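The sequence shown begins at 5 in this note's numbering and counts up one residue at a time. Built from N, CA and C at the ideal position, the CB exists for glycine as well. The structure displayed is predicted, hence computed values, not measured ones. Here the structure is laid out as structure tokens; the discussion comes afterwards.
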Amino acid sequence: MIGIIFPDIPRLYTGIAEWLACILYVNLLPKRFSRKIFIPLLLIIGVIQVTLQMLAGTFPLFFWISGMLLNILWMFITIMFLSKTTFHTILFMVAKAFIVAEMTAAIAWQSYCYILIYSNKNSEILQFILISMIYLLLYSIINLVEKYQKNQFIPKIIQTKEVIISLLIGIIIFSVGNIGFLMTISGIVTSYDSNTIFIIRSLVNISGFLLLYTQEQHIVEIYLQNELTAIQNVVQNQYEQYIAFNENSELIKKKVHDLKHQLYFLKNESNEHKRTSYIKEMEEMIQNFEAKIETGNAVLDTVLTRKNQYCIQHQINFTCLVQGELLEKIDTIDLCTLFGNALDNAIEAVEKINEIDKKLITLKVTSKSNFIIIRLSNYFEDEINFQNNQFPTTSKQNKEYHGYGLKSMEYIVQKYHGNINFKQQNKWIHLTILLPKI
């Protein structure tokens, strides 16, 4: 292949490659417009992208970099205009889109040159058909690779450092990939043919894409590991609360045994202060037993009794109808975490209500067919935005674990192959968990 001279990539195909790369990464992000508006906007944006490339092709060699920067700027505007995400995420996606566009344009054009030009079957129609097919193949592969990546975490994990690294990788890859063309055009180097330059350019662009993909995968794995650690902390915290309350319940049972002795001393106690103290202690014990909930599941009894005790103390009306035996095969820690976090969120929500008669929480655990249905509802007057499947807040008592209560619940529900759903309807927040019977 030595001595082969490939024509430069037509600006039309470079512009289309950049446009398709923008579409690919915009589709991985939350969109700003409805589908009805989105598609016409894409067509307009594509025409502008190609026009800018054609315009840059008329610039003198000295302004070649300026022409490239103009097209990169339009790619940035495209992603920013069409998607709803953070500024850091937009910059990161622009770097990836630009490298992908460079890579696909180089590979497609080189493939075209091998297949058609040197088989003497060159025509503009065949050229367009072949380039389109190669673009379709390459972008489909890249889309599958990107879909495998957990892009939903990108807005949370991409910070200034990651953006700077991605931009530097983009600049280096572009410079190395195109330096051969510049040196050849300027006459500095004449020993390399365009085939060699295209091969180097394609390999460099592939390396750049893999570098960015590896960088992204690395930071996602770190983020998920931190998420798992936080979830484990939440789980451990709920379990420790269960153990502590269970031990406290045992102490209460022992003290109740002594109530008859305290009643005897109370009858014969002449000191008013001591008598009042005895009465207060007895009232607390009675209240603890009034709060006791029995469901048929010892672990769930402890968790619900503890929450009910808190509700009684804070004038919250907590009603439950629970078939605890349905949950016997769920691990103790999972049971504590699932119901503990759900009730913590419900309690926090109703505590914001001033009217006592509106501080309402209901819990039902029933079965239907081969499924266990857990439904927790609480009254709440304000409108809540459930965007991105998030609870409005987490437990006030555990602010260091803010945001991880729902994640720990989702983790547990997925562990048992179930489904979790929440919505607000008629000023009631409904959390529904569907679990297959184990």
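* To do: Using the DSSP secondary-structure output, state which residues sit across from TYR139 in a beta bridge.
  => By 1-based counting over the sequence shown, the position of residue 139 is 135. Paired residues: none, contrary to the question.
* To do: Find out if the Cβ-Cβ distance for the pair ASP305, GLY328 is shorter than 8 Å.
  => Taking the first residue of the sequence shown as position 1, residue 305 is located at position 301. Taking the first residue of the sequence shown as position 1, residue 328 is located at position 324. Contact annotation: ASP305 and GLY328 have beta-carbon atoms nearer than 8 Å.
* Look up LYS165 in the DSSP assignment and say whether it is helix, strand or coil. => Locating residue 165 in the sequence shown gives position 161, where the first residue counts as 1. LYS165: helix per DSSP, three-state reduction.
* To do: Out of ASN312, ALA302, LYS363, state which residue places its alpha-carbon closest to the alpha-carbon of ILE444.
  => Summary: the structure shown does not reach residue 444, with the chain confined to residues 5 through 442, and so no result is reported for it.
* To do: Could you tell me whether the Cβ atoms of ILE94 and MET84 are closer together than 8 Å?
  => Your numbering for residue 94 matches position 90 in the sequence shown. Your numbering for residue 84 matches position 80 in the sequence shown. A Cβ-Cβ contact shorter than 8 Å links ILE94 with MET84.
* To do: Answer yes if the region 135-143 comes into contact with the region 51-69, meaning at least three C-beta pairs across the two stretches below 8 Å, and no otherwise.
  => As far as the Cβ criterion goes, the region 51-69 does not touch the region 135-143, which means the pair count is below three.
* Since LEU330 sits in a beta bridge, which residues does DSSP pair it with? -> Stepping through the sequence shown from its first residue, residue 330 is reached at position 326. Beta-bridge annotation (DSSP): LEU330 is not paired with any residue.
* So, GLN114 versus PHE37, is the Cβ gap smaller than 8 Å? -> Locating residue 114 in the sequence shown gives position 110, counting from the first residue. Locating residue 37 in the sequence shown gives position 33, counting from the first residue. Against a cut-off of 8 Å, the Cβ pair of PHE37 and GLN114 comes out as no contact.
* To do: Go ahead and pull the three-state DSSP assignment for LYS368.
  => Start at 1 with the first residue of the sequence shown, and residue 368 comes out as number 364. For LYS368, the secondary structure class from DSSP, reduced to helix, strand or coil, is strand.
* **Among LEU215, ILE111, THR309, nearest to ARG205 - alpha-carbon criterion** => Looking up residue 205 in the sequence shown gives position 201. Cα-wise, what sits closest to ARG205 is ILE111.
* Should the region 429-438 be called in touch with the region 370-382, which here means at least 3 C-beta pairs below 8 Å? -> Judged by Cβ distances under 8 Å, the region 429-438 makes contact with the region 370-382, as three or more pairs qualify.
* Just curious, the beta strand (DSSP E) that HIS434 is in, first and last residue? -> Position 430 of the sequence shown holds residue 434. Judged by DSSP secondary structure, HIS434 falls within the beta strand (DSSP E) whose first and last residues are 432-440.
* At which residue ranges does the region 11-72 contain complete alpha helix (DSSP H) runs of 4 or more residues, listed in the order of the chain? -> Every alpha helix (DSSP H) stretch that sits fully inside the region 11-72 and reaches 4 residues is listed by chain position as 15-30, 39-60.
* To do: Would you decide whether GLU166 is buried or exposed? Buried here means 16 or more other CB atoms lie within 10 Å of its CB.
  => Residue numbering aside, residue 166 sits at position 162 when the sequence shown is read from its first letter. Burial call: buried.
* To do: Mind checking which residues open and close the beta strand (DSSP E) that includes LYS118?
  => Against the sequence shown, residue 118 aligns to sequence position 114. In the sequence on display, residue 118 carries Tyr and not Lys. Per DSSP, TYR118 lies in no beta strand (DSSP E) segment; the continuous alpha helix (DSSP H) that holds it begins and ends at 91-119.
* Measure the C-alpha to C-alpha separation of LYS311 and TYR152 and round it to an integer number of angstroms. => In the sequence shown, the residue the question calls residue 311 occupies position 307. In the sequence shown, the residue the question calls residue 152 occupies position 148. Looking at the two C-alpha atoms, the distance is approximately 41 Å.
* Can you tell me whether DSSP reads ILE129 as helix, strand or coil? -> In the sequence shown, the residue the question calls residue 129 occupies position 125. In the structure shown, ILE129 adopts helical secondary structure according to DSSP, grouped into three states.
* Asked: Does the region 99-109 come within contact of the region 207-222, defined as at least 3 CB pairs closer than 8 Å?
  -> Yes, since at least three Cβ pairs between the region 99-109 and the region 207-222 fall closer than 8 Å, the two stretches touch.
* Length at least 4, wholly inside the region 295-359: the alpha helix (DSSP H) runs in chain order -> Whole alpha helix (DSSP H) segments, 4+ residues: 302-317, 336-355.
* **Residue range of the alpha helix (DSSP H) that includes SER381** => To locate residue 381, count along the sequence shown from 1; it is residue 377. No alpha helix (DSSP H) contains SER381, which is instead part of the beta strand (DSSP E) from 375-383.
* Asked: Taking all protein chains shown into account, do 16 or more other C-beta atoms lie within 10 angstroms of the C-beta of VAL224, making it buried, or fewer, making it exposed?
  -> Here residue 224 is taken as the residue at index 220 of the sequence shown, counted from 1. Burial check for VAL224: the Cβ neighbour count within 10 Å reaches 16 or more, so the residue is buried.
* In or out: SER170 buried (at least 16 other Cβ within 10 Å) or exposed? -> Taking the sequence shown and counting its residues from 1, one reaches residue 170 at position 166. A residue is called buried once 16 or more other Cβ atoms fall within 10 Å of its Cβ, and SER170 is buried on that count.
* Taking all protein chains shown into account, decide if GLY409 is buried (16 or more other Cβ within 10 angstroms of its Cβ) or exposed. => Here residue 409 corresponds to residue number 405 of the sequence shown, with the count starting at 1. GLY409 is buried by the Cβ-count criterion.
* DSSP three-state call for ILE424: helix, strand or coil? -> Translated into the one-based positions of the sequence shown, residue 424 becomes position 420. The answer is strand: DSSP assigns ILE424 an E or B state.
* Outcome for ASP12 when other beta-carbon atoms lying within 10 angstroms are tallied against a minimum of 16 -> One-based indexing of the sequence shown puts residue 12 at position 8. Label assigned to ASP12: exposed.
* **Local Cβ density within 10 Å of ILE320, reported as buried at 16 or more and exposed below that** => Taking the sequence shown and counting its residues from 1, one reaches residue 320 at position 316. ILE320 comes out buried.
* When the Cα atoms are used, what is the spatial distance from ALA101 to LEU47? -> Here residue 101 refers to the residue found at position 97 when the sequence shown is read from its first residue. Here residue 47 refers to the residue found at position 43 when the sequence shown is read from its first residue. If you draw a straight line from the Cα of ALA101 to the Cα of LEU47, it comes to about 18 Å.
* Can you round the beta-carbon distance between LYS368 and VAL354 to whole angstroms, since I take them to be within the 8 Å contact cut? -> Position 364 of the sequence shown holds residue 368. Position 350 of the sequence shown holds residue 354. So it is not a contact: roughly 17 Å between Cβ atoms.
* Nearest to VAL149 by CA position, among THR164, ILE175, LEU216, GLY174, is which residue? -> For the purposes of this step, residue 149 is identified with residue 145 of the sequence shown, where counting begins at 1. With distances taken between Cα atoms, VAL149 lies closest to LEU216.
* Asked: Excluding sequence positions up to five away, which residues of its chain have a Cβ less than 6 Å from the Cβ of LEU228?
  -> On the sequence shown, residue 228 is found 224 positions in, with the first residue counted as 1. Closer than 6 Å at Cβ, skipping near neighbours: no residue.
* To do: Please check the pair PHE375 and LEU325, which I expect to be a contact at CB under 8 Å, by giving their CB distance rounded to whole angstroms.
  => Looking up residue 375 in the sequence shown gives position 371. Looking up residue 325 in the sequence shown gives position 321. Wrong, their Cβ atoms sit about 17 Å apart, outside the cutoff.
* Under 8 Å between C-beta atoms of PRO34 and SER87 -> Your numbering for residue 34 matches position 30 in the sequence shown. Your numbering for residue 87 matches position 83 in the sequence shown. Taking 8 Å as the Cβ cut-off, PRO34 and SER87 qualify as a contacting pair.
* Sorted by chain position, which residues of the same chain lie with C-beta nearer than 7 Å to GLU414's C-beta, five sequence neighbours on each side aside? -> Taking the sequence shown and counting its residues from 1, the one referred to as residue 414 is at position 410. ILE424, listed in sequence order.
* To do: Would you kindly work out how many angstroms separate the C-alpha atoms of ILE351 and ILE316, rounded to a whole number?
  => The residue you call residue 351 lines up with position 347 of the sequence shown. The residue you call residue 316 lines up with position 312 of the sequence shown. Going from the Cα of ILE351 to the Cα of ILE316 covers about 11 Å.
* By Cβ distance, which residues of its chain are closer than 8 Å to TYR314, with the 5 residues on each side in sequence left out? -> Counting from one through the sequence shown, the residue named residue 314 turns up at place 310. Hits under 8 Å: ILE320, ILE351.
* Go through its chain and collect everything with a Cβ distance to LEU74's Cβ below 7 Å, but skip five positions before and after it. => Here the question's residue 74 lines up with position 70 in the sequence shown. Answer for LEU74: LEU56, ALA60, listed in chain order.
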